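*Asks:*
Number of protein chains: 2
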Amino acid sequence: MDKTKFSRPLSLKNVQITDTFWKKEMELVRTEVIPYQWRALNDEVEGAAPSFCMHNFEAAGRQNEERREKGAEFKEPVYTFRGFETLPEDPEHLEDKFYGFVFQDSDFYKWIEAVGYSLSQHPDERLEAIADGAIDIVCKAQQENGYLDTYYILNGKDKIFTNLKDNHELYCLGHLLEGAVAYYDATGKDKLLNAAKRYADYVDSCFGKEEGKCKGYPGHEIAEMALVRLYETTGEDKYLNLARFFIDERGTRPYYYDNEHPEEVKKKPDGLRYEYNQAHKPVREQDEAVGHSVRAVYLYSGMADVARLTEDESLLKACEVLWNNMTRKKMYITGGIGATHIGEAFSFNYDLPNDTAYAETCASIGLVFMARRMLEMTPDAKYADVMERALYNGVLSGMALDGKSFFYVNPLEVLPEACHKDERKFHVKPVRQKWFGCACCPPNIARLLSSISTYAYTENKDTLFVHLYIGGVIKKQLDGQDIEIKVTSEFPWDGTVKVEMPATEKPFTLAFRIPRWAKNYQVKGIDGAKTEEKAGYLYVTKQWTGTETVELEFPMEVRLVQTNPKVRENIGKIAVVRGPIVYCLEEADNGADLHLVRLSPKAVCEVKAEKIAGEPVKTVLTEGLRQKNSENPEEEELYTIAEPDTEVPADLKFIPYYVWANRGENEMMVWVKKA
Amino acid sequence: MDKTKFSRPLSLKNVQITDTFWKKEMELVRTEVIPYQWRALNDEVEGAAPSFCMHNFEAAGRQNEERREKGAEFKEPVYTFRGFETLPEDPEHLEDKFYGFVFQDSDFYKWIEAVGYSLSQHPDERLEAIADGAIDIVCKAQQENGYLDTYYILNGKDKIFTNLKDNHELYCLGHLLEGAVAYYDATGKDKLLNAAKRYADYVDSCFGKEEGKCKGYPGHEIAEMALVRLYETTGEDKYLNLARFFIDERGTRPYYYDNEHPEEVKKKPDGLRYEYNQAHKPVREQDEAVGHSVRAVYLYSGMADVARLTEDESLLKACEVLWNNMTRKKMYITGGIGATHIGEAFSFNYDLPNDTAYAETCASIGLVFMARRMLEMTPDAKYADVMERALYNGVLSGMALDGKSFFYVNPLEVLPEACHKDERKFHVKPVRQKWFGCACCPPNIARLLSSISTYAYTENKDTLFVHLYIGGVIKKQLDGQDIEIKVTSEFPWDGTVKVEMPATEKPFTLAFRIPRWAKNYQVKGIDGAKTEEKAGYLYVTKQWTGTETVELEFPMEVRLVQTNPKVRENIGKIAVVRGPIVYCLEEADNGADLHLVRLSPKAVCEVKAEKIAGEPVKTVLTEGLRQKNSENPEEEELYTIAEPDTEVPADLKFIPYYVWANRGENEMMVWVKKA
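Protein chains in written order, with our numbering: chain A, 2 to 676; chain B, 2 to 676.
In structure tokens, the structure reads:
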């Protein structure tokens with residue numbers, strides 16, 4: 002490992018996104034999602050499940066206040082611990098108790114993270130004032146010793162850190178750190194950062210290798226990468242060490258969770274127990290992505306962070322093995338991961354059912370997290386290809402075009418009747434939902450989209466890596482000199498990218514990712530440069546004169562793709578893809594009974610610019626075949642002698658997957674039978 | 002309705018089954034299943050879930066004894082009621098408590114029913130002595146007032162008939178009646194019959210239209226058809242009336258079950274509530290088969306019985322509508338019904354997934370029950386076709402070739418890895434199981450197979466209906482004269498059937514079902530007879546001289562069949578069928594990865610007599626195509642540009658579906674992709 006070759010994302014402040022496509026998404030987050038979520042955190046969204054998030058902080062703050070006033074007399078209340086989710090008896094009058102899911106605090110932390118990113122791109126005094134006020138409320142809930150988790154605070158604290166596997170204390174810590182750093186980076190205000198550090202310090206005093214400290218680790222990972230972030234912001238080694246401790250300790254025997262959950266010991270043997278939490282084996286021995294998929298990619302992201310900072314070859318190797326397993330055996334074409342709703346988990350290798358898929362939005366987001374971290378160490382286009390696949394498809398599909406409703410689950414085939422009538426598919430919603438009680442996806446989309454530039458670009462001393470073609474103005478330090486690079490891009494609808502370079506005093510390298518789907522790309526404006534193609538990146542090095550505009554052209558032909566034949570579900574099926582965009586058939590354009598459609602792999606496709614539900618996109622028009630349906634199904638036998646198919650030509654319109662379900666409830670299908 | 006045209010099954014004693022195929026199955030039941038089940042009822046099968054069935058009767062008997070001894074002093078014990086299943090703390094030392102499922106009594110009743118049938122075909126003093134002893138034990142448990150359900154007896158009886166929806170009291174009654182009648186018919190012994198009548202009389206005193214009586218009805222149907230059977234054995238109208246009451250009351254508003262389960266009222270609106278129990282609408286308004294599939298077909302069978310006896314046109318019409326819905330929209334090609342394991346229930350119309358199918362063995366058995374009852378009123382081959390389909394496929398597949406293990410679930414496609422690793426398919430077992438705690442299927446198979454002749458033949462005054470071609474010697478009364486008809490059949494492996502007729506003094510009609518799959522049948526030996534073809538039956542009428550042998554030849558060509566295109570799961574797929582037998586591919590013959598196989602609907606098929614796991618069958622050999630699998634899946638991308646299929650010719654061997662999984666755990670597939 003050569004740490005000097007590693008690259009890092011640029012500060013958000015140093016990239017102004019100008020990209021038509023992504024700017025619109027970011028504006029949606031800024032103008033719709035963030036205000037909507039603030040109302041949701043305060044239980045002010047009619048018809049949506051209440052969050053109770055701010056209520057819990059306020060109640061904990063009041064309790065804290067009371068204790069301070071009463072001083073030594075105060076006795077910590079001891080409540081009976083509640084279940085995973087607690088709802089008030091009378092929703093109109095909340096008591097000073099904890100309500101909602103055990104991880105409800107994280108709703109605010111994700112929100113404040115998105116707010117931070119948004120402010121760094123788009124200052125907004127009013128929003129900042131709201132955020133500052135909210136931070137005051139949150140900080141009031143913090144205990145003297147730094148502890149900060151309202152579920153336990155409001156339930157008497159006597160059981161803190163006794164159910165790490167299920168109760169999300171360290172998960173909430175992680176989101177607090179992420180949110181606090183983001184808000185500090187954007188505003189320079191350190192109130193929340195200091196609270197976060199205090200909580201992290203308290204956790205550090207409780208957990209670790211040292212004798213007497215707890216040997217547990219997070220049941221839902223994220224603290225690992227968040228602690229790294231806190232380390233990178235503060236420079237304090239203890240945070241990195243704690244992250245590494247959590248990672249190294251995970252899955253070692255005897256299992257820590259066996260102490261917390263002795264009843265689990267009988268259920269499954271060593272080596273299989275705690276797969277759900279990726280705690281079945283030491284992380285360096287894990288070679289298959291298993292268990293809860295969001296947890297998994299959050300862990301892997303933390304592992305990559307720690308591998309980079311500690312130059313840990315074995316940890317990097319584990320990340321690579323897990324990455325390959327995930328992306329070659331367990332990933333939908335949309336970048337969705339987690340094939341089963343049972344445990345929101347990975348299924349076995351090559352099991353990728355389309356209609357019962359889980360493919361949680363948050364899991365695709367976590368896949369993006371991991372991909373960027375792998376790229377920081379290894380600029381291999383395979384990571385960026387997956388990142389792009391997930392972003393333009395499985396992540397974006399999570400949010401409606403108006404930013405007002407969300408998918409938790411992102412199936413690749415939907416028959417609304419099945420979602421309503423077949424309990425096996427009740428997790429699949431045929432239309433996006435307003436807000437979930439367990440609302441991880443909407444705020445996760447918000448924090449990802451608001452920080453999209455950190456995934457598009459990474460830098461090291463003399464190189465700018467362009468992983469995603471997202472237009473923006475990039476400020477970069479080069480030997481003490483500020484340079485500004487302007488990128489414009491027609492992605493995802495056309496493959497033209499222009500990069501206007503300033504003059505540089507020394508040679509400087511632009512490293513352009515060559516998408517796997519665009520082998521025959523063209524590049525202009527690089528006269529006199531040294532070029533090299535390596536691992537899917539084109540490195541262009543020269544001392545720039547300030548007059549060059551590098552022009553890249555990635556041909557966006559319609560591709561008809563197939564799946565590795567080991568995937569049973571997709572055998573004999575093809576999907577339509579163009580550039581980074583995965584397409585689908587929707588009933589709105591193609592009529593019902595999409596299963597009757599077939600498409601030749603040699604079909605001639607026309608690309609058309611049009612609006613779908615107001616969104617300017619490019620659709621793919623082609624001709625397929627459609628089998629005639631039975632005429633008198635009431636009278637017909639189910640089983641008859643096989644006859645030649647009576648198929649008729651059918652005009653087909655494919656739309657980008659991410660825009661589906663924006664025109665009401667209807668059928669959708671990505672993988673179409675091959676004619 | 003013309004009651005004089007109705008036909009009825011012959012007494013078991015009047016048909017001696019000689020059929021090679023079915024005789025073997027009956028012998029398996031006699032020599033393997035019945036003794037095995039007796040051991041199971043007594044918890045003597047090692048490695049199988051205990052039944053506790055005889056224990057419960059014994060414990061209830063002891064309690065009864067004690068009460069009688071103590072007379073007026075005795076106080077009924079009041080226990081806390083237990084859950085749906087109760088297991089002992091120490092399995093070695095059972096207390097005088099109730100253990101097992103709430104419906105555990107029925108295990109014995111099903112067993113005694115099978116014993117009765119078996120004894121009528123094959124007298125067996127030892128078995129009869131065991132049965133008599135067991136009946137003594139059961140009768141000792143009966144209460145003074147006739148009540149007999151060990152769950153409630155052992156739990157204090159204070160809550161009898163308070164949870165009709167879930168607690169199976171009337172279900173156990175139904176099985177008791179069926180068992181008691183069968184044993185009485187076979188042996189003439191009426192001890193159990195009298196106990197059954199006493200329990201039925203007690204139920205009759207509690208339930209009915211009359212003021213003050215309970216307006217409830219069985220949560221799991223079967224009492225309806227069982228009461229009809231008791232009526233037909235005893236001639237006492239009250240039993241028929243009670244059956245009719247249960248049927249007429251079912252699903253009327255306000256719902257009876259709302260009283261028992263007020264918490265249900267909020268969950269679902271009127272018209273949808275209690276679909277699981279077919280109690281969502283009055284039965285005559287039901288036009289879609291819904292809910293728990295075994296419950297459904299048991300209800301429909303009872304409805305058909307009552308329709309026949311009361312000449313109730315509206316009830317018959319409801320049966321017809323439900324039959325058509327079930328068999329045209331909700332039945333697997335194997336005669337399996339109930340497409341989802343969630344609630345062991347019907348899914349929506351045309352939803353027939355192969356790999357997550359439920360298709361419980363008992364549901365196919367219930368479909369056979371209903372079919373025979375419909376045939377009694379309407380000799381239309383459509384009923385017998387389905388009966389045959391279910392018997393030779395979805396029912397027989399329920400039992401291993403050695404009679405020692407059983408399938409509860411009968412999927413049409415199995416990948417063992419998925420059964421082990423994918424929780425969505427945990428209900429699908431890749432190999433048959435020894436005995437289930439909830440052991441409805443093994444005894445149900447036993448009672449059906451032991452009485453198979455009652456499904457093959459029905460009669461009225463001057464006609465013998467041959468619904469199924471099962472060889473046997475049939476004794477029939479014709480105008481006071483005993484005649485004997487001898488049927489021999491090569492079914493299911495060849496279509497030759499011979500019927501040797503005795504001399505008759507008057508014209509006598511043989512009504513032969515013409516299977517839908519055998520349009521071009523031939524018939525010989527009917528010179529001078531009047532023949533008529535109607536609704537799939539060939540009626541042959543003459544005054545027979547005693548020299549005629551009617552010879553039927555139903556050509557058994559291999560048929561490649563398709564499904565109504567509304568069934569999404571099977572679009573572009575074909576199945577192999579020959580005569581009544583549905584075929585499948587199994588890994589043992591064709592290698593793994595059966596999803597890579599395709600078959601042309603024009604494939605030339607060879608039929609070969611051979612043994613599969615010792616069972617003489619006819620296999621179907623043909624050539625299909627097999628797609629090459631990826632060579633380096635570890636290194637391969639999941640998604641690549643679609644290429645022409647690289648398929649190679651592949652020899653395929655199809656085996657009868659019912660023999661699958663007799664050679665260890667392996668892949669299986671009924672519906673094969675069409676080339």
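Think of the CB as a built atom: it goes at the ideal place given N, C-alpha and C, for glycine as much as any other residue. These numbers were taken from a predicted model, which means no experiment stands behind them.
Any beta carbon from chain B within less than 8 Å of serine 398/A's own beta carbon?
*Replies:* Indexing the first sequence from 1 puts residue 398/A at position 397. No, because no Cβ of chain B sits closer than 8 Å to the Cβ of serine 398/A.
*Asks:* What does a CB cutoff of less than 8 Å around glutamate 485/A pick up in its chain, not counting 5 residues either side in sequence?
*Replies:* Here residue 485/A refers to the residue found at position 484 when the first sequence is read from its first residue. Cβ within range, chain order: Val474, Ile475, Lys476, Lys477 and Pro503.
*Asks:* How big is the Cα-Cα spacing for alanine 512/B and valine 541/B?
*Replies:* In the second sequence, residue 512/B corresponds to position 511, counting from 1. In the second sequence, residue 541/B corresponds to position 540, counting from 1. Alanine 512/B and valine 541/B: Cα-Cα distance of roughly 6 Å.
*Asks:* Might you give, ordered along the chain, the residues of its own chain that have their beta carbon closer than 7 Å to the beta carbon of arginine 63/A, omitting 5 neighbours on each side?
*Replies:* Locating residue 63/A in the first sequence gives position 62, where the first residue counts as 1. Cβ neighbours of arginine 63/A beyond the five flanking positions: Asp97.
*Asks:* By the 10 Å Cβ neighbour count, where 16 or more other Cβ atoms means buried, how is asparagine 326/A classified, buried or exposed?
*Replies:* Here residue 326/A is taken as the residue at index 325 of the first sequence, counted from 1. Classification of asparagine 326/A: buried, given that the 10 Å Cβ count is 16 or more.
*Asks:* Return the residues of the stretch 308-333 of chain B that lie within a Cβ-Cβ distance of less than 8 Å from chain A, sorted by chain order.
*Replies:* Correct list: Asn325, Thr328, Arg329, Lys330 and Met332.
*Asks:* Are there 16 or more other CB atoms within 10 angstroms of the CB of phenylalanine 75/B, so buried, or fewer, so exposed?
*Replies:* Position 74 of the second sequence, counted from the first residue, corresponds to residue 75/B. It counts as exposed.
*Asks:* Chain A beta carbons: is any one of them nearer than 8 Å to that of glycine 573/B?
*Replies:* Mapped onto the second sequence, residue 573/B falls at position 572. Yes, glycine 573/B lies at the interface with chain A (some Cβ there is under 8 Å from its Cβ).
*Asks:* Would you list, in chain order, the members of the stretch 627-650 of chain A that have their beta-carbon closer than 9 Å to a beta-carbon of chain B?
*Replies:* Residues Gln628, Lys629, Asn630, Ser631, Pro634, Glu635, Glu636, Glu637, Glu638, Leu639, Tyr640, Thr641, Ile642, Ala643, Glu644, Pro645 and Asp646.
*Asks:* Is there contact between the stretch 315-335 of chain A and the stretch 378-387 of chain A, where contact requires at least three CB pairs shorter than 8 Å?
*Replies:* Yes, the stretch 315-335 of chain A touches the stretch 378-387 of chain A.
*Asks:* What three-state label does DSSP hand lysine 435/B in the structure shown?
*Replies:* To locate residue 435/B, count along the second sequence from 1; it is residue 434. Coil at lysine 435/B, not helix or strand.
*Asks:* Using a C-beta cutoff of 8 Å, does serine 119/B count as contacting chain A?
*Replies:* Your numbering for residue 119/B matches position 118 in the second sequence. So no, serine 119/B is outside the interface.
*Asks:* For a contact defined as C-beta to C-beta under 7 Å, what are the partners of asparagine 565/A on chain B?
*Replies:* Translated into positions along the first sequence, residue 565/A becomes position 564. Under the 7 Å cutoff, chain B gives Ser631, Pro634, Glu637 and Leu639.
*Asks:* Mind checking if valine 369/B is an interface residue toward chain A, Cβ cutoff 8 Å exclusive?
*Replies:* Indexing the second sequence from 1 puts residue 369/B at position 368. Not an interface residue.
*Asks:* Does any C-beta atom of chain A lie closer than 8 Å to the C-beta of glutamate 357/B?
*Replies:* Indexing the second sequence from 1 puts residue 357/B at position 356. The question names glutamate, but residue 357/B is threonine in the sequence shown. Threonine 357/B counts as touching chain A.
*Asks:* Once DSSP output is grouped into helix, strand and coil, what is the label at isoleucine 656/B?
*Replies:* Taking the second sequence and counting its residues from 1, the one referred to as residue 656/B is at position 655. Isoleucine 656/B falls in the strand class under three-state DSSP.
*Asks:* Do threonine 546/B and proline 10/B have their C-beta atoms within less than 8 Å of each other?
*Replies:* Stepping through the second sequence from its first residue, residue 546/B is reached at position 545. Stepping through the second sequence from its first residue, residue 10/B is reached at position 9. No, the pair does not count as a contact, with Cβ atoms beyond the cut-off.
*Asks:* When the Cα atoms are used, what is the spatial distance from valine 577/A to threonine 335/A?
*Replies:* Stepping through the first sequence from its first residue, residue 577/A is reached at position 576. Stepping through the first sequence from its first residue, residue 335/A is reached at position 334. Each residue's alpha carbon lies about 11 Å from the other.
*Asks:* Does serine 348/B get closer than 8 Å to chain A when you measure Cβ to Cβ?
*Replies:* In the second sequence, the residue the question calls residue 348/B occupies position 347. Closer than 8 Å: yes.
*Asks:* Taking isoleucine 368/B as the reference, which of Lys331/B, Asn350/B and Phe349/B has the closest Cα?
*Replies:* The count along the second sequence starts at 1 and reaches residue 368/B at position 367. Isoleucine is not the amino acid found at residue 368/B; the sequence shown has leucine there. Checked all of Lys331/B, Asn350/B and Phe349/B; the closest Cα to leucine 368/B is Lys331/B.
*Asks:* If you run the structure through DSSP and keep just helix, strand and coil, what is aspartate 740/B?
*Replies:* In the structure displayed, chain B extends from 2 to 676; residue 740/B sits before or after that span and is not available.
*Asks:* So, does the CB of proline 417/B fall closer than 8 Å to a CB anywhere in chain A?
*Replies:* Start at 1 with the first residue of the second sequence, and residue 417/B comes out as number 416. False, the Cβ-Cβ gap to chain A never drops below 8 Å.
*Asks:* Using a Cβ cut-off of 9 Å, which residues of the stretch 335-347 of chain A contact any Cβ in chain B, in chain order?
*Replies:* Cβ contacts with chain B: Ala340, Thr341, His342, Ile343, Gly344 and Ala346.
*Asks:* Would you give the residue range spanned by the beta strand (DSSP E) that serine 631/A belongs to?
*Replies:* Here the question's residue 631/A lines up with position 630 in the first sequence. Looking at the DSSP string, serine 631/A is not in any beta strand (DSSP E), and its letter there is neither H nor E.
*Asks:* Below 7 Å on C-beta distance, what does arginine 83/B contact in chain A?
*Replies:* Along the second sequence, read from residue 1 onward, the residue named residue 83/B stands at position 82. Within 7 Å Cβ-Cβ: nothing; arginine 83/B doesn't reach chain A, min ~21 Å.
*Asks:* Between lysine 268/B and chain A, is the shortest Cβ-Cβ distance under 8 Å, so that the two count as touching?
*Replies:* Taking the second sequence and counting its residues from 1, the one referred to as residue 268/B is at position 267. It does not: the Cβ of lysine 268/B has no partner Cβ on chain A nearer than 8 Å.
*Asks:* With a threshold of 6 Å on Cβ separation, who are the neighbours of threonine 532/A within its own chain once the five nearest residues in sequence on each side are excluded?
*Replies:* The count along the first sequence starts at 1 and reaches residue 532/A at position 531. Counting only Cβ-Cβ distances below 6 Å, and skipping sequence neighbours, we find Val541.
*Asks:* Quick check: the Cα distance between leucine 721/A and alanine 181/A, rounded to an integer number of angstroms?
*Replies:* The question about residue 721/A has no answer here: the residues shown for chain A are numbered 2 through 676.
*Asks:* Counting only beta-carbon separations shorter than 8 Å, does valine 551/A have a partner in chain B?
*Replies:* Sequence index remark: in the first sequence, residue 551/A carries index 550 (1-based). Output row for valine 551/A: interface = no.
*Asks:* Per DSSP, what kind of secondary structure is glycine 1/A in: helix, strand or coil?
*Replies:* As displayed, chain A neither begins before 2 nor continues past 676, which places residue 1/A out of reach and without an answer.
*Asks:* First and last residue of the alpha helix (DSSP H) that includes glycine 303/B?
*Replies:* Stepping through the second sequence from its first residue, residue 303/B is reached at position 302. Glycine 303/B -> alpha helix (DSSP H) spans 294-311.
*Asks:* For the putative contact between glycine 117/B and tyrosine 184/B, defined by C-beta atoms under 8 Å, what is the C-beta separation to the nearest angstrom?
*Replies:* Taking the first residue of the second sequence as position 1, residue 117/B is located at position 116. Taking the first residue of the second sequence as position 1, residue 184/B is located at position 183. The Cβ separation is near 4 Å, so the contact holds.
*Asks:* Pick out whichever of Val649/A, Val291/A and Pro657/A has its Cα sitting closest to the Cα of threonine 620/A.
*Replies:* One-based indexing of the first sequence puts residue 620/A at position 619. Residue Pro657/A is the option with its Cα nearest to threonine 620/A.
*Asks:* By alpha-carbon positions, which one of Glu225/B, Tyr659/B and Ala132/B ends up nearest to leucine 120/B?
*Replies:* Against the second sequence, residue 120/B aligns to sequence position 119. Looking at the Cα atoms, Ala132/B is the closest of the given residues.
*Asks:* Going along chain A, which residues have a C-beta under 7 Å from valine 562/B?
*Replies:* Sequence index remark: in the second sequence, residue 562/B carries index 561 (1-based). By Cβ distance, chain A contributes Tyr640, Thr641, Ile642 and Ala643.
*Asks:* Would you identify the three-state DSSP class for proline 417/A, choosing helix, strand or coil?
*Replies:* In the first sequence, residue 417/A corresponds to position 416, counting from 1. Helix.
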